[in-house]
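Visitor: Here it is, the structure in full.
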Amino acid sequence: MIRRLLFLLPVLVFAVIAGYFLWGLAPERDPSDVPTAMLDKPTPAFDLAAVPGLDVPGLATADLAGGEVVMVNFFASWCVPCRAEHAFLSALAEETGVPLYGINHRDEPEDAVAWLAELGNPYQRIGADPGRAAVEWGVTGVPETFIIDGSGRIRWHHRGPLVPEIIERDVKPLLAALRP
Amino acid sequence: MILRPLAVALALLLAAPALAVEPEEMLDDPVLEQRARDLSAEIRCVVCQNESIDSSNAEIAHELRVLVRERLVAGDSDQEVLDYLVARYGDFVLLRPPVKPSTYLLWYGPFAILLIGALAVFVYFRRQRAVAALPPALSAEEEARLARLLDEAAAGEAGGDDGRGRS
Chain X
-15 MIRRLLFLLP VLVFAVIAGY FLWGLAPERD PSDVPTAMLD KPTPAFDLAA VPGLDVPGLA
45 TADLAGGEVV MVNFFASWCV PCRAEHAFLS ALAEETGVPL YGINHRDEPE DAVAWLAELG
105 NPYQRIGADP GRAAVEWGVT GVPETFIIDG SGRIRWHHRG PLVPEIIERD VKPLLAALRP
Chain U
2 MILRPLAVAL ALLLAAPALA VEPEEMLDDP VLEQRARDLS AEIRCVVCQN ESIDSSNAEI
62 AHELRVLVRE RLVAGDSDQE VLDYLVARYG DFVLLRPPVK PSTYLLWYGP FAILLIGALA
122 VFVYFRRQRA VAALPPALSA EEEARLARLL DEAAAGEAGG DDGRGRS
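From first to last, the protein sequence lines are chains X and U. Just so you know, our numbering puts 42 at position 58 of the first sequence, and the rest follows in order with no gaps. Just so you know, our numbering puts 161 at position 160 of the second sequence, and the rest follows in order with no gaps.
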């Protein structure tokens, strides 16, 4: 009996290896995806000045715990996916009425001003970040977007552009749940 | 003549690996700078898959190198610096995964497999020896010959009795 079960061993080994390959080669899996560690934590301590040349106030930790759900978006004028998500982000902010705050990451102020003049400015506040704020937020690149609840806690973190699929699937249901 | 290849070999041997640390990042205190270097080699540049921040030229690697040095100057221990980064980027930022329940398989799995293999080899050789201790089994030809001989012996015994009775 045991001898007969032993013949199943190669089948079992094959199944394990095949399962591993299936998982590893699945098209939805992105091996460069960095897991987020910031979920359900309070927003980090930061205080960013406004971008010179813009009449939009800067952004600091104190602005994020005002009892209101807000979105924080890291962007830069030199970032192509940021340009791609800009229209979707603007439409989302307008449609839901959720305040959208920006963190302008490693950018030249005049480039940021020109970029927003060209595409329109959906941000109510914009902080100019020379680089450290991104580390404080656990950001690896631009664009990245966070949703902060009324108590200043990070409830959602997305790396990469906000495309309509993600907005419909993740962002809108969460915003609806956070804002009864 | 022989000096040139020797010199080249020596130069290759002594050549330090290319490093991304820029002079203006370095600390004046050599002890602290060495700690920063050792620590940087353990920290993953989060956008370059499998490079430490010590050897990456990515902007975030530069930012993290400066941050590590700032925190060391501020009096943080090595572990405190790592904890600070893990709180923001998760265990992913560590090139050496920490030992904890979710990584037991990673750390101890190879030893478990080695143990299973050693056990299998042990059992295999024990069984071999047990088989070798027994007299070798008979082949089909030998079985047939044995049967024939036994038959003959039985027949001979019967015939012998008869013969003795007759004589």
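Using N, Cα and C, we set each Cβ at its ideal position, and we do this for glycine too.
Tell me, which residues are paired with VAL122 of chain U by DSSP?
Guide: The partner list for VAL122 of chain U (beta bridge, DSSP) is empty, contrary to what the question assumes.
Visitor: Against chain U, does THR45 of chain X count as a neighbour if the rule is that its beta carbon must be under 8 Å from one of theirs?
Guide: False, the Cβ-Cβ gap to chain U never drops below 8 Å.
Visitor: Helix, strand or coil for VAL40 of chain X, going by three-state DSSP, please let me know.
Guide: It is coil, neither helix nor strand.
Visitor: Could you name the residues of the same chain whose beta carbon sits closer than 8 Å to that of GLU92 of chain X, not counting the 5 residues immediately before and after it, in chain order?
Guide: Same-chain partners within the cutoff: SER61.
Visitor: Could you give the distance in angstroms between the alpha-carbon of VAL53 of chain X and the alpha-carbon of PHE130 of chain X?
Guide: Their Cα atoms are separated by approximately 11 Å.
Visitor: Within 8 Å of any Cβ in chain U, is that where the Cβ of SER61 of chain X sits?
Guide: No, because no Cβ of chain U sits closer than 8 Å to the Cβ of SER61 of chain X.
Visitor: Would you mind working out which of U:PHE112, U:ARG97, U:ASP55 and U:GLN50 sits nearest SER41 of chain U, comparing C-alpha positions?
Guide: Among U:PHE112, U:ARG97, U:ASP55 and U:GLN50, the Cα nearest to that of SER41 of chain U belongs to U:ASP55.
Visitor: Which whole-angstrom value is the C-beta distance of THR27 of chain X and ILE138 of chain X, which I expect to be below 8 Å?
Guide: So it is a contact: roughly 6 Å between Cβ atoms.
Visitor: Which residue or residues does DSSP assign as beta-bridge partners of ASN57 of chain X?
Guide: Partner(s): X:GLY86 and X:THR129.
Visitor: Excluding the five sequence neighbours on either side, which residues of its own chain have a C-beta within less than 7 Å of the C-beta of ASP92 of chain U, listed in chain order?
Guide: Only PRO98 and PRO99 meet the Cβ criterion.
Visitor: What does DSSP give as the partner residue(s) for ILE151 of chain X in the beta ladder?
Guide: In DSSP, ILE151 of chain X forms no bridge with anything.
Visitor: Does any CB atom of chain U fall closer than 8 Å to the CB of VAL64 of chain X?
Guide: No, because no Cβ of chain U sits closer than 8 Å to the Cβ of VAL64 of chain X.
Visitor: Going along the chain, which residues of its own chain have a beta-carbon closer than 6 Å to the beta-carbon of HIS89 of chain X, five neighbours each way excluded?
Guide: Excluding residues within five positions, the ones whose Cβ falls inside 6 Å are PHE58, ALA60, ASP113, ALA118 and VAL126.
Visitor: Taking C-beta pairs closer than 9 Å, name the residues in chain U that ALA21 of chain X reaches, listed in chain order.
Guide: Per Cβ cutoff of 9 Å: VAL87, ALA88, ARG89, TYR90, GLY91, ASP92, PHE93 and VAL94.
Visitor: On the three-pair Cβ rule with 8 Å, is the segment 94 to 106 of chain X touching the segment 62 to 74 of chain X?
Guide: A contact exists between the segment 94 to 106 of chain X and the segment 62 to 74 of chain X.
Visitor: Check for me: the beta strand (DSSP E) holding ARG13 of chain X runs from which residue to which?
Guide: Neither: ARG13 of chain X is in no beta strand (DSSP E) and is coded neither H nor E.
Visitor: Name the residues in the segment 95 to 126 of chain X whose C-beta lies less than 8 Å from a C-beta of chain U; which are they?
Guide: So the list reads GLY115, ARG116, ALA118, VAL119, GLU120, TRP121, GLY122, THR124 and GLY125, given in the order they occur along the chain.
Visitor: Taking only the alpha-carbon atoms, compute the straight-line gap between GLY166 of chain U and GLU153 of chain U and give it to the nearest angstrom.
Guide: Because GLY166 of chain U sits at a pLDDT of 47, beneath the cut-off of 50, its placement in the model cannot be relied upon, and the following sentence gives the value as read from the coordinates. Cα to Cα, GLY166 of chain U sits roughly 20 Å from GLU153 of chain U.
Visitor: Which value, in whole angstroms, describes the spacing of the CA atoms of LEU115 of chain U and GLY3 of chain X?
Guide: About 22 Å.
Visitor: With 9 Å as the limit, tell me which residues of the segment 6 to 36 of chain X have their beta carbon closer than that to any beta carbon of chain U; keep them in chain order.
Guide: Those residues of the segment 6 to 36 of chain X that come within reach of chain U (Cβ to Cβ, closer than 9 Å) are PRO15, SER16, VAL18, PRO19, THR20, ALA21, MET22, LYS25 and PRO28.
Visitor: Exposed or buried, what is PRO31 of chain U when buried is set at 16 or more other beta-carbons lying within 10 Å of its beta-carbon?
Guide: With fewer than 16 other Cβ atoms within 10 Å, it is exposed.
Visitor: Count the other CB atoms within 10 Å of the CB of PRO145 of chain X; is the residue buried (16 or more) or exposed (fewer)?
Guide: Buried, since its Cβ has 16 or more Cβ neighbours within 10 Å.
Visitor: For ASP29 of chain U, count neighbouring C-beta atoms within 10 Å of its own C-beta (all shown protein chains included) and say buried if the count is 16 or more, exposed if not.
Guide: ASP29 of chain U should be labelled exposed.
Visitor: Would the beta-carbon of LEU33 of chain U fall within 8 Å of that of LEU4 of chain U?
Guide: Contact: no.
Visitor: Within its chain, find whatever has a CB closer than 6 Å to the CB of ARG143 of chain X; leave out the 5 residues flanking it on each side and keep chain order.
Guide: Once the five neighbours on either side are set aside, the close Cβ partners of ARG143 of chain X are GLU128.
Visitor: In this structure, does DSSP put LEU(-8) of chain X in helix, strand or coil?
Guide: Of the three classes helix, strand and coil, the one that applies to LEU(-8) of chain X here is coil, per DSSP.
Visitor: Go ahead and label PRO83 of chain X buried or exposed: buried means 16 or more other beta carbons lie within 10 angstroms of its beta carbon, across all protein chains shown.
Guide: Buried is the call here.
Visitor: Give a yes or no on whether 8 Å exceeds the smallest Cβ distance from PRO61 of chain U to chain X.
Guide: Reading off the sequence, residue 61 of chain U comes out as Ile, not Pro. Yes, contact with chain X.
Visitor: With a threshold of 8 Å between beta carbons, is ARG90 of chain X in contact with chain U?
Guide: Chain U contact via Cβ: present.
Visitor: Please decide whether GLY166 of chain U counts as near chain X, where near means a Cβ-Cβ distance under 8 Å.
Guide: Reliability of the predicted coordinates at GLY166 of chain U is poor, the pLDDT of 47 falling under 50, and no value is obtained from them.
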